[in-house]
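Residue numbers (our numbering), protein chains in the order written: chain A, 3 to 247; chain B, 200 to 581; chain C, 31 to 320. Cβ coordinates follow ideal geometry from the N, Cα and C atoms, glycine included.
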Amino acid sequence: MADLRFTGIGKRFGGVRALDGVDGHVDEGEILGLVGPNGSGKSTLINVLSGHYAADDGSITYGEANLTDLPPHRIIETGLARTYQIPRPFSTMTALENVSVPFMFGANPLSPQTARESAMEWLAFTGLDSLANEPIDSLNLHQLKYLELARALAARPKLLFLDEVLSGLNPTEITASIEMVRRIHSSGITIVIVEHLVRVVTELASRIMVLDRGKVIADGDPTLVMQDDAVVTAYLGKRSKRAEG
Amino acid sequence: MTTTNRNTSLITLAFALVLWFMPSVRETLDFPVFFLLFGYSLFFWIAQASSWNTFTGFSGYFSFGQGAFFGAGVYSVAVLAVKRDWPLLFTFLVGGLVAAVIGLIIGVVVFRLRKLRGEIFALMTLAVAFVMASVARVSPAIDGGQGVPVNTVELPEFLGDFPTMIFRLGLIVATFAVITAQSVQRSRLGWGLFSIRDDEDVAETLGVPTFRFKITALLLTAFIAGISGAIHSLQIGYVTIEDVFSIRVPLFVILMSILGGTKHWMGPVVGAVVVVTLNDRLNRAGFQEISDLITGGLLILMIVAVKEGLYLRMRARPLRTAVGFTAGLVIGFALGALDESLITLVAYGLGIAVLAVMLPLSWFARSEPAVTDDVEEVASHG
Amino acid sequence: MSLMSQSIASGILIGGLYALMSLGMSLNWGVLKIINLAHFSFILLSAYVTYQLASVYGWDPFLAIIVTVPLFALGGMALQWAFERFRISEFESLLLTFGLFIIFESLATSVWSADFRRIDSAANPYASSSLTIGPISLSIPTLSAFVLAIGIAFGTRYLLEQTHFGRAVRALAHDREIAGAFGVNHRTVSMQLAGLAGAYAALAGVFIAMSSSLFPGIAVEWFGIVFSVVILGGLGSTMGTLLAGVIIGTVGAIATVVWGPSTAPLVVFLILIATLLFKPDGLLGAKGGI
Ligand SMILES: Nc1ncnc2c1ncn2[C@@H]1O[C@H](COP(=O)(O)OP(=O)(O)OP(=O)(O)O)[C@@H](O)[C@H]1O
Ligand SMILES: [Mg+2]
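Spelled out as structure tokens, the structure:
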């Protein structure tokens, strides 16, 4: 049973409590939607679970492995990978080289040569193959987000965190991307997806977890959760306020 | 980024093998002994610059510690071979190991700090050289402020006369340094270091064992710089703290690597050849006074105007490089450079070629694309 | 014992000079994100100019301030202008000013030679004069530098905390883009601040010329002390720098008495390592910063 479980996760930035006692789990094979208003801590939760930040409090286990004090480069070996909301490519490498790096590390490291060949497959999967040998600064934001995705997949994850990979796309592109996420999922990868677009989340997710100001305020079946009072005031309430202003 | 493969290292090795026999054919080909000493000077700086670049250029962590590693090598020979009569060749190895241990200590202390910023690392490495100098100065067992005459040490006879010996020792270390740089660049270690240079946090979450890789690269750098320094103690003759721990070694190593380019193993090699050759000729022509001015000025110029370094520029503009070099040779020949020495002639070629590739790209922009195509065609025919 | 108390007193005073040398460096680094090795060159050149004015033209060394301060304030501003113009990163600044440092050192060598230079005692009555309190005697140049350093540290603190300029500087130190959004013209503000740092370097140079011998290589020897003070004090922290200068000066003096003069750099270095390990934000922590 390779389920991800986390309890009592806390993370502060100076005076800001980005995460405040967050408990939760990700079951093998599901697509979990992680939602919440801006600044509610979604990205921070991904950062903590993937080891990018060390948590101030709490513990994380993935299957048998205790991730709490594992150095970040060991966490990816257990099968967790993530994308960055704001793309962070390796800026002096080409697109292909970016995607080949994770192949050279992790649980089954490949030689740089074979890594390049395997990287090409994921570039093709995300439709970036024609840009393989381009320098990073010739890619636009949309392409950079796909590069994030290809690079995360190159880590050969069992569980993949997607932090707003679909934001900023037009409706046709979104439909195509939803299809892409489904294909990733059906290849046997568990997915946690963060997305502001309700349509995307409800279409994809089999369960939804809602964060507000660093706390979990709801967790469960998508349709039920989205009607929950607390969620409506916290999440939708803010959105309607934003629409006014 | 550009790749390098195993063949590159075989070619390097073959090239080194040819050079190995230079001293044997010197009398037949009738070239002066000075060529061997000049050759050694090239090898020494190639080894130092390549080793520095293997850590700093590839990982992006700026090190001023080259002087410390070099100095550890020099003083290992001074203390062990001169004062304690250990076998000379063995002390070379010890010099490398002592430097490596110092690198290990710096690395373990500094890289444990996860929040550490690159600039602080740079200053720490600078401080280490100062501290080693002051330790050597207070401790009579090392130096005590008097200096140590390494020229009294007995040289192993089977290595030939002094110029031959130093030429070959330098060649071995330079070859080792260059092949190490090549191997790192094409290995997982190299890719890990490049990703650290670009974004260390992302590298770590993608599975790069950043701590281990930084330490490994720093160890390689220190070890090579130490051996090279140990051998160089013979060339110095009388070693003093002021000379050995001066800012000169880190300064030149940084200059050479930045000049040639830090992203490719070839960068420091190109930088070392250009700087050593031009510096040597300028000094010979009586311009010692302004050589520091030129050094400092070049460093500034490269950072402001040619961030990728000469080597990548030259590769991107092969025609300009070739034309510049040839023009330099012709000008040098016309000015009678060959009467002085072949090295002077080459210096003209290098100097003009460097100027040609450094000129703003836009000056040549219109004619360049067509020309580049030509070159590629010629290359594919040849 | 009186040797010890004398050393401690001198150490505290010399610490004031260290703080004066370091303050501009700290502001440059903490606020402008420029590691300015040319700061050392400014101190060196200011010292040489003072030497020149006093020894050759017979000026009172204190008077040299009216030449060196404006000169190096302008120098600082000009450099900052160039950094902005060429978009120099924090890292590149270290290298670029390393190049400048080499150039200035070789200029100093060609003008004043590599020999030791010291203002003639006839032209520098302060060097041998001292203030005696009980068993302790305090040299006038170092004492003045100490008093000035305290004045400048508090003055700078006032400037940064109480004035409009100071608010702009703090906004800049915190976040350049947000500062811009609030109407802070970062180019003007950063040039002014760099000018201030240059002026501090000039002052430090004047006092160095009054109290010690000069040679071009001396500037490298300051690296260890100044960087230790800057890091121990915390980047951009005025009070931290003053305190750190006094601590380093005192500890160095004690080490000299107890273990001999060449151990002082070692002790300073150990303090530096300890700071980096346990207090990476400096003595007064992040809150001590501006
Ligand atoms: N590196 C950081 N430094 C300081 N504060 C941070 C940092 N990262 C996040 N925060 C703060 O933590 C809180 C949670 O941020 P987080 O990015 O996790 O929110 P989010 O739910 O992903 O928001 P969004 O929908 O806008 O992406 C915010 O108040 C944010 O300002
Ligand atoms: Mg987010």
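- Message: I'd like to know whether the C-beta of B/Ser566 is nearer than 8 Å to at least one C-beta of chain A.
- Response: Summary for B/Ser566: the model assigns pLDDT 43, below 50, so the residue's position carries little reliability; its value from the coordinates is reported in the next sentence. False, the Cβ-Cβ gap to chain A never drops below 8 Å.
*asked:* Does any residue of chain C have a CB that is nearer than 8 Å to the CB of B/Asp491?
replied: For B/Asp491, the answer is yes, since a Cβ of chain C falls inside 8 Å of its Cβ.
- prompt: Residues bridged to B/Leu534 by DSSP?
  reply: B/Leu534 pairs with nothing; no bridge assigned.
query: Distance, Cα to Cα, B/Pro568 vs B/Val330?
result: The predicted model places B/Pro568 with a pLDDT of 41, which falls under 50 and marks its position as unreliable; any figure quoted below should be read in that light. Those two C-alpha atoms are separated by around 53 Å.
| Between which two residues does the beta strand (DSSP E) containing A/His27 stretch? | Start and end: 18-28.
So within the region 229-298 of chain C, which uninterrupted alpha helix (DSSP H) runs reach at least 4 residues, ignoring any that extend past its ends?
Taking only runs of at least 4 residues, the alpha helix (DSSP H) segments lying wholly in the region 229-298 of chain C are 248-263, 268-289.
Exercise. Going straight from the alpha carbon of A/Gly41 to that of A/Gly17, what length do you get?
Worked result: Near 14 Å, if we compare the C-alpha coordinates of A/Gly17 and A/Gly41.
Within 10 angstroms of the Cβ of C/Trp289, are there 16 or more other Cβ atoms? Answer buried if so, exposed if not. C/Trp289 is exposed by the Cβ-count criterion.
#### Entry: Every unbroken beta strand (DSSP E) inside the region 25-102 of chain A [3 residues or more]
For the region 25-102 of chain A, whole beta strand (DSSP E) runs of length 3 or above, ordered along the chain, are 33-37, 59-64, 82-84.
Could you check whether the region 238-250 of chain C touches the region 70-80 of chain C, counting it as contact only if at least three pairs of C-beta atoms, one from each stretch, sit closer than 8 Å?
Taking 8 Å as the limit for Cβ pairs, the verdict is that the region 70-80 of chain C does touch the region 238-250 of chain C.
Label C/Glu135 either buried or exposed according to how many other C-beta atoms from any shown protein chain fall within 10 Å of its C-beta, with 16 as the threshold for buried.
Of the other Cβ atoms in all chains shown, 16 or more fall within 10 Å of the Cβ of C/Glu135; this residue is therefore buried.
### Query
Should B/Met323 be flagged as near chain C, meaning a C-beta pair shorter than 8 Å?
It does; some Cβ of chain C falls within 8 Å.
Can you give, in chain order, each stretch of the alpha helix (DSSP H) that sits fully within the region 269-355 of chain B and has at least 4 residues? Within the region 269-355 of chain B, the complete alpha helix (DSSP H) runs of at least 4 residues are 287-310, 317-337.
*Show which residues of chain C have a CB atom less than 7 Å away from the CB atom of B/Ser208.*
Neighbours of B/Ser208 on chain C: none; closest Cβ ~30 Å, over 7 Å.
Using beta-carbon positions only, say whether C/Gly254 and C/Phe72 come within less than 8 Å of one another. No, these two residues do not count as a Cβ contact at 8 Å.
Near B/Val383, which residues of its chain fall below 6 Å by C-beta distance, leaving aside the five closest residues on each side in sequence? Residues of the same chain with a CB within less than 6 Å of the CB of B/Val383, apart from the 5 flanking positions on each side, are Thr253, Gly389 in chain order.
Any idea what DSSP makes of A/Met211, helix, strand or coil? The three-state reading of DSSP puts A/Met211 in strand, counting E and B together.
message: Can you check which of these residues, A/Gly216, A/Ala134, A/Val218, A/Ile210, is closest to A/Met228 by C-alpha distance?
response: Comparing Cα-Cα distances from A/Met228 to each of A/Gly216, A/Ala134, A/Val218, A/Ile210, the minimum goes to A/Ile210.
- Query: Looking at chain A, which residues of the region 454-485 of chain B have a Cβ within less than 9 Å of any of its Cβ atoms?
  - Reply: Within the region 454-485 of chain B, the qualifying residues are Lys462.
| task | Inspect the CB distances between the region 211-230 of chain C and the region 104-113 of chain C and report whether three or more fall short of 8 Å. | result | The region 211-230 of chain C is in contact with the region 104-113 of chain C.
- So is B/Ala326 in contact with chain C if we call contact Cβ pairs under 8 Å? B/Ala326 has a beta carbon lying within less than 8 Å of a beta carbon in chain C.
Exercise for the section: To the nearest angstrom, report how far apart B/Trp605 and B/Asn482 are at their CA atoms. Expected result: For chain B, the structure presents residues 200 to 581; residue 605 of chain B sits outside this window and is missing.
- Task: Kindly provide the chain-ordered list of residues whose Cβ lies closer than 6 Å to any non-hydrogen atom of ligand 1.
- Result: After applying the 6 Å Cβ criterion, the set is A/Phe15, A/Val18, A/Ala20, A/Gly38, A/Asn40, A/Gly41, A/Ser42, A/Gly43, A/Lys44, A/Ser45, A/Thr46, A/Gln87.
Check: Of all Cβ atoms in chain B, is any one closer than 8 Å to the Cβ of A/Glu79?
Finding: Closer than 8 Å: yes.
Got a sec: does ligand 2 put a non-hydrogen atom nearer than 7 Å to the Cβ of A/Asp29?
In this structure, A/Asp29 has its beta carbon at no less than 7 Å from each heavy atom of ligand 2.
Quiz item: In terms of DSSP beta bridges, what is A/Phe15 paired with?
Solution: Paired residue(s): A/Val18.
Please report the distance separating the alpha-carbon of C/Gly318 from that of C/Leu296. Interpretation of C/Gly318 is limited by its pLDDT of 43, a score under 50 that renders its predicted location unreliable; the figure taken from the coordinates is listed afterwards. Taking C-alpha positions only, C/Gly318 is separated from C/Leu296 by approximately 27 Å.
- Message: Suppose you measure from the CA of C/Ile133 to the CA of B/Ile493; what does that come to, to the nearest Å?
- Response: The alpha-carbon atoms of C/Ile133 and B/Ile493 are separated by roughly 8 Å.
> For A/Asp59, which residues of its own chain have a beta-carbon under 6 Å away from its beta-carbon, when the five flanking residues on both sides are left out?
Replying inline: Excluding residues within five positions, the ones whose Cβ falls inside 6 Å are Gly10, Gly12.
Problem set entry | Rounded separation between B/Val574 and B/Leu511 - CA only | Because the pLDDT of B/Val574 is 37, which lies under 50, any placement of that residue in the model is unreliable, and the question is left without a value.
Requested in this report: Identify, in the order they occur along the chain, each residue of the same chain with its Cβ nearer than 6 Å to the Cβ of C/Thr293, setting aside the five sequence neighbours on each side.
Outcome: Cβ within range, chain order: Ala285.
query: So, is B/Phe220 buried or exposed, given that buried needs 16 or more other C-beta atoms within 10 angstroms?
result: Looking at its Cβ environment, which holds fewer than 16 other Cβ atoms inside 10 Å, B/Phe220 is exposed.
query: When DSSP labels each residue in this structure, what does B/Tyr260 get in the three-state scheme?
result: Reduced to three states, the DSSP call for B/Tyr260 is coil.
If you reduce the DSSP assignment to three classes, tell me which class B/Val545 lands in.
Three-state result, B/Val545: helix.
Kindly indicate if chain F contains any beta-carbon less than 8 Å away from that of B/Val293. No chain F appears in the structure shown, which is made up of the protein chains A, B and C.
(Q) I need the straight-line Cα distance from C/Leu178 to B/Ser490, nearest angstrom please. (A) Annotation: C/Leu178 to B/Ser490 spans about 39 Å, alpha carbon to alpha carbon.
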